[in-house]
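Residue numbers (the working numbering), protein chains in the order written: chain A, 197 to 323; chain B, 197 to 323.
Dropping the structure here:
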């Protein structure tokens, strides 16, 4: 079951700068604890569905199909807000996340991914 | 002035999944207030510099050069942590941000970009 394809407002569509595949980067953040949950991809129709339906829909680059988060996993993302960045190529999607955001079952796609970066103490921070 | 080019640990390099341009998506989040500040791009050397130097370095897609945030603006990003996502194609960079993160002078690149998404009230959230 998918919702009928909505269309983007032409004024908004004119502000978008797509990548070579016609996609925008979508950064998804938990509205409550502000953790960054995952990054997905949207074409204009996925964005239009997301803006109009209350739920987040992506374009799957690996499966070449629309993918409404939670339809198979139950881990729905309810939209709280969507913002476009200054360059017009990235979206920030704030959501109420049901269950785990990551398909591995972790809360976020970054859990366990720390790379051990060097962190300078304040006394050594001289730009 | 740039730091000498460091090399990525081979075990980490093997985990990375680059896009067609050899880049990873880098989501940058304020370590204190947890706002998503901006999204940039890194190749392996930009990531190696970021992991080893305490400051965030990007690859500029428009200028085709490395770009250490703050070198011209003074708006330095001090690294607090870097994490790789489950797919190996996206980084989450937590920073202490000096000044405005956006080149327009706003705190984040998403300020003023709200798209007025439909938000369903809890009573209408039936997946």
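We put the beta carbon where it would ideally sit given N, CA and C, even for glycine.
Check your understanding: Does the beta-carbon of residue 258/A have 16 or more other beta-carbons within 10 angstroms, so that it is buried, or is it exposed?
Key -> As a position in the first chain, residue 258/A is number 62, starting the count at 1. Residue 258/A is exposed by the Cβ-count criterion.
Check your understanding: Of all the options 204/A, 203/A and 220/A, which has the alpha carbon lying nearest to the alpha carbon of residue 281/A?
Key -> As a position in the first chain, residue 281/A is number 85, starting the count at 1. Taking only the C-alpha atoms, the option nearest residue 281/A is 220/A.
Review point. Which chain B residues sit within Cβ distance under 7 Å of residue 230/A?
Key: Translated into positions along the first chain, residue 230/A becomes position 34. In chain order: 230.
Review point. Residues in the segment 271–283 of chain B with C-beta within 9 Å of chain A's C-beta atoms, listed in sequence order?
Key: 272, 274, 275, 276, 277, 278, 279, 280, 281, 282 and 283
Practice item. Please state whether DSSP places residue 319/A in a helix, a strand or coil. Key: Position 123 of the first chain, counting from 1, holds the residue named residue 319/A. Residue 319/A falls in the helix class under three-state DSSP.
Exercise for review: Show which residues of chain E have a CB atom less than 7 Å away from the CB atom of residue 286/B.
Suggested key: Absent from the structure is chain E; the protein chains it does hold are A and B.
Point to revise | chain A within 8 Å of residue 249/B, Cβ atoms only | key: Here residue 249/B is taken as the residue at index 53 of the second chain, counted from 1. Yes, contact with chain A.
**Study point:** Rounded distance between the beta-carbons of residue 297/B and residue 233/B, thought under 8 Å
**Key:** The sequence position of residue 233/B within the second chain is 37, counting from 1. The sequence position of residue 297/B within the second chain is 101, counting from 1. The Cβ separation is near 4 Å, so the contact holds.
Check your understanding: Which residues of chain B have a Cβ atom closer than 7 Å to the Cβ of residue 225/A, listed in chain order?
Key -> Taking the first chain and counting its residues from 1, the one referred to as residue 225/A is at position 29. One finds 232 in chain B with Cβ atoms closer than 7 Å to the Cβ of residue 225/A, taken in chain order.
**Study point:** 6 Å Cβ shell around residue 241/B - same chain, five flanking residues per side excluded
**Key:** Counting from 1 along the second chain, the entry for residue 241/B is found at position 45. For residue 241/B, where only same-chain residues beyond five positions count, the Cβ hits under 6 Å are 201.
Check your understanding: In whole angstroms, what is the alpha-carbon distance linking residue 308/B and residue 260/A?
Key -> The sequence position of residue 308/B within the second chain is 112, counting from 1. The sequence position of residue 260/A within the first chain is 64, counting from 1. Their backbone Cα atoms lie some 32 Å apart in a straight line.
Check your understanding: Among residues of its own chain, excluding the 5 on either side of residue 294/B, which ones have a beta-carbon nearer than 8 Å to its beta-carbon?
Key -> If you number the second chain from 1, residue 294/B lands on position 98. Take residue 294/B, set aside five residues on each side of it, and the residues of its chain with a beta-carbon closer than 8 Å to its own are 266, 270, 271, 272, 273 and 274, in chain order.
Practice item. May I have a chain-ordered list of the beta strand (DSSP E) segments no shorter than 3 residues that lie completely inside the segment 219–265 of chain A? Key: Whole beta strand (DSSP E) segments, 3+ residues: 220–226, 232–238, 253–256 and 261–264.
Point to revise | Contacting positions in the segment 299–316 of chain A - beta carbon closer than 9 Å to chain B | key: 299, 300, 302, 304, 305, 306, 307, 308, 309, 310, 311, 312, 313, 314, 315 and 316
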